[in-house]
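Numbering of the sequence shown is given in numbering that gives the first Met the number 0, commencing with residue 0 and proceeding in unit increments. Yeah, the Cβ is synthetic: ideal placement off N, Cα and C, and Gly gets one too. None of the values given here were measured: they were computed from a predicted structure.
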Amino acid sequence: MVMTLAKDDIEELRSRLEDAVIKCSERCLYQSAKWAAEMLDSLVPSDENDPNANISMDTDPTPNTNPFLPQLDPEEAFLEAKESHKYLLAKSYFNTREYDRCAAVFLPPTIPPVPLSTVSPNVRSRTSSTPQKGKSKASGRPSSRGGHAPAQSPYPKLSQKSLFLALYAKYLAGEKRRDEETEMVLGPADGGMTVNRELPDLARGLEGWFAERSELGLETRGQGWLEYLYAVILLKGKNEEQAKRWLIRSVHLYPFNWGAWQELNDLLPNVDDLKQVAQMLPQNIMSWIFQVHCNQELYQVNEDTHQTLNELENIFPSNFEEASAIFADILVESPHRLDGLDHYSNILYVMAARPQLAFIAQLATATDKFRPETCCVVGNYYSLKSEHEKAVMYFRRALTLDRSFLSAWTLMGHEYIEMKNTHAAIESYRRAVDVNRKDYRAWYGLGQAYEVLDMSFYALFYYQRAAALRPYDSKMWLAVGTCYAKMNRLQHSIKAMKRSLVAGAYYEHAADNTDANHPTGRKILDPDTLHQIATLYERLGDDEEAAAYMELTLQQETGEVERPDTDSDDDGDDKDSDNGAGVSRRRSDDDDVEVVGGTGVTATTSKARLWLARWALRHGDLTRADQLAGELCQDGIEVEEAKALMRDVRARKEGGG
0 MVMTLAKDDI EELRSRLEDA VIKCSERCLY QSAKWAAEML DSLVPSDEND PNANISMDTD
60 PTPNTNPFLP QLDPEEAFLE AKESHKYLLA KSYFNTREYD RCAAVFLPPT IPPVPLSTVS
120 PNVRSRTSST PQKGKSKASG RPSSRGGHAP AQSPYPKLSQ KSLFLALYAK YLAGEKRRDE
180 ETEMVLGPAD GGMTVNRELP DLARGLEGWF AERSELGLET RGQGWLEYLY AVILLKGKNE
240 EQAKRWLIRS VHLYPFNWGA WQELNDLLPN VDDLKQVAQM LPQNIMSWIF QVHCNQELYQ
300 VNEDTHQTLN ELENIFPSNF EEASAIFADI LVESPHRLDG LDHYSNILYV MAARPQLAFI
360 AQLATATDKF RPETCCVVGN YYSLKSEHEK AVMYFRRALT LDRSFLSAWT LMGHEYIEMK
420 NTHAAIESYR RAVDVNRKDY RAWYGLGQAY EVLDMSFYAL FYYQRAAALR PYDSKMWLAV
480 GTCYAKMNRL QHSIKAMKRS LVAGAYYEHA ADNTDANHPT GRKILDPDTL HQIATLYERL
540 GDDEEAAAYM ELTLQQETGE VERPDTDSDD DGDDKDSDNG AGVSRRRSDD DDVEVVGGTG
600 VTATTSKARL WLARWALRHG DLTRADQLAG ELCQDGIEVE EAKALMRDVR ARKEGGG
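Okay, here's the thing in structure tokens:
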């Protein structure tokens, strides 16, 4: 997918983003407004190459009409003008987090869909359902043809902007009460069963509102905001298919609401679903950005994604990511930016960069100590210091601030694994999966937890889910292969471990091994994985394949690409050598052997050398066995075994002589 924008298209995009910032802010969707504002700020300035950009103060102001924006519906414009003073009052209540007062400005508490008590709706439903068994006339609503009542909106006649603000405030009021009623994170009564009690009434009310507009032929005059809210409510009720349908409808009506795209992204667990939904999306730049975002979420890092990102940089050249590829430079550009700082702390944690992690922990705490990102950064710092109890405390604090904060659930699961609290770790990972089913770390963590409990079947299931999400990660396939091996499904284990090698099971420092002599920068295979495959072949009784993989394991010490005549070469070098030891793996000047930087001697390669020495001894290759045993003595690993082998070789030579 290739998209190029002309100058007029850039100006239209600028106008659309400005409009998105205003409209999202008017509806109190501040995260979407922030996203649109950042995208707007990263656009190429329209007057950067214009010599007449400095306009005189005496210039007449331009008319307040934008040719790139659609005209507002006359009826909606009239209603918005009529309700302007009430809208300002409601928004002021919303900004002070008085959500019930905000909703009450437009939705009086006396109307049915906004009950003040949770008892009255149940009473009405019981009294209305019993008479219907006998006569349909008992219903208080007049029936239409077929016995169904005509669709009727339960809300007063309001503009869509005011209705959205009122219903969104009602939704947030329910979310606030749900959080207040919820037990502490992973507490005794924290089963995740506390729900937003406003959802059923909101769903029924919006369903009636949309049904009435459909009967009046007004479904095409929607603005996309109420459709988005209805989809969020359906999603909270686990009605994912209908939510997906309404989100697609919402982005068709108003494509610059980034929140709708994010909710739609959460409903796409795999690439096939993305391809299916992509055919139903509007063809514009937002759909383009959305597909790039989904590909990154699904770990589809390929050439097409890279090309698309490069093309986006031509349109949005001055964003933070273009300023630098690393988070350190982003902090220099914007030291008070906390978005994504938890990901940077994860990188520093893996690198064991404790001073840098301490610095950004102090920086984040000074900026806003009550942000979930800050709590995760501080938690990572304490985890790196092996103070796991303090780390869990900060991850809990992050979840108290935002129960849907994915990083905190996953990181807390890691800490519980370190604390040997497997059951708490499993619950943490399960909550992470509930938040985002595309997070391979949570699936992998569940596999690790069940593997600790020796429940290989469960561990295999979760490892397979992680491998499906991240098919080019060797660690995922290695875990799958290990589970198969524990279950004695050796052929499946070998296939999984070979896939781990193909996926890139190599030492990271070999990736940079590119020079004039070796421009391809060949990557070293992981000797541990090769040794495991050889061991599995040995368990199957296939000693020939086992020996071949042991030889391949041994070759990773020097990074030899090809050794076509291993035995003969070894014998010849042994004759020319003074001590007859260490020749096969330490030479680098043969013309027929290409050598790149290898792993050096490791415990795994020494095990492979010992196995090959015994193999050579069993097959009567005494010279090869003696050579390998001598190399083992030089390695300083398995020395006693090596000396015993050398004595056995000498005894056989003397006996044969």
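8 Å contact criterion, which G223 and N264 should meet: CB distance rounded: Between N264 and G223 the Cβ distance is about 17 Å, and since that is not below 8 Å, they are no contact.
On the criterion of 16 or more Cβ atoms from any shown chain inside 10 Å, does K134 qualify as buried, or is it exposed? Low confidence applies to K134: its pLDDT is 40, below 50, so where it sits in the model is not reliable enough to give any reading.
L529 beta carbon less than 8 Å from that of S492: no
Just how far apart, CA to CA, sit D72 and T219? 11 Å
On the premise that L644 lies in contact with L621, defined as a C-beta separation below 8 Å, what is that separation, rounded to the nearest angstrom? About 10 Å; that fails the 8 Å criterion.
Use the C-beta contact count for M279: other C-beta atoms within 10 angstroms, 16 or more gives buried, fewer gives exposed. exposed
For the alpha helix (DSSP H) that contains Y483, what are its first and last residues? 473–485
Counted within 10 angstroms of its Cβ, other Cβ atoms place Y86 as buried (16 or more) or exposed: buried
Where does the unbroken alpha helix (DSSP H) through G173 begin, and where does it stop? 159–180
Once you ignore the five residues that flank D634 on each side, which residues in its own chain have a CB closer than 7 Å to its CB? V600, S605
When you compare only the Cα positions, how much space is there between E174 and N195? 6 Å
Classification of G204 by the beta-carbon crowding that lies within 10 angstroms, buried from 16 upward: buried
Unbroken alpha helix (DSSP H) run spanning M38, endpoints: 29–40
For R395, which residues of its own chain have a beta-carbon under 6 Å away from its beta-carbon, when the five flanking residues on both sides are left out? V184
Rounded separation between F105 and D99 - CA only: 11 Å
Cβ-based burial, G216 [other Cβ within 10 Å; buried from 16]: exposed
Cα-Cα separation between W610 and M549, rounded to whole angstroms: 8 Å
Report yes or no: do three or more beta-carbon pairs, one from the segment 364–378 and one from the segment 341–355, lie closer than 8 Å? yes
State the Cα-Cα distance for the pair Y381 and E414, rounded to the nearest angstrom. 10 Å
Just how far apart, CA to CA, sit R436 and P268? 7 Å
Looking at the structure shown, is V600 part of a helix, part of a strand, or coil, going by DSSP? coil
C-beta contact flag for Q159 and G207 at 8 Å: no
Using 8 Å for Cβ pairs, my map puts Y170 next to R26. What's the rounded Cβ distance? Incorrect: roughly 12 Å between the Cβ atoms, too far for contact.
Would you call Q275 buried or exposed, if buried means 16 or more other Cβ atoms sit within 10 Å of its Cβ? exposed
According to the Cβ coordinates, are R440 and Y298 closer than 8 Å? no
Looking at chain C, is there any beta carbon in it that lies within less than 8 Å of the beta carbon of T622? No chain C is part of this structure, which consists of one protein chain only.
L369, DSSP secondary structure in three states: The sequence given here places Phe at residue 369; Leu does not occur at that position. Three-state DSSP puts F369 in coil, outside helix and strand.
Under the three-state reduction of DSSP, which class applies to K6: helix, strand or coil? helix
With H, G and I counted as helix, E and B as strand and the rest as coil, what does DSSP make of V432? helix
Tell me, to the nearest whole angstrom, how far the beta carbon of L42 is from that of I9; I am working on the premise that it is less than 8 Å. 7 Å
Are A202 and I232 touching if we call contact CB-CB under 8 Å? yes
Please classify S385: does DSSP put it in a helix, a strand, or coil? coil
Secondary structure at T307, three-state DSSP: helix, strand or coil? helix
Residues near D588 by beta carbon distance below 8 Å, same chain, minus five either side: Summary for D588: the model assigns pLDDT 42, below 50, so the residue's position carries little reliability; its value from the coordinates is reported in the next sentence. No residues qualify anywhere along the chain.
Can you tell me whether DSSP reads I636 as helix, strand or coil? coil
Could you give the distance in angstroms between the alpha-carbon of P334 and the alpha-carbon of L16? 25 Å
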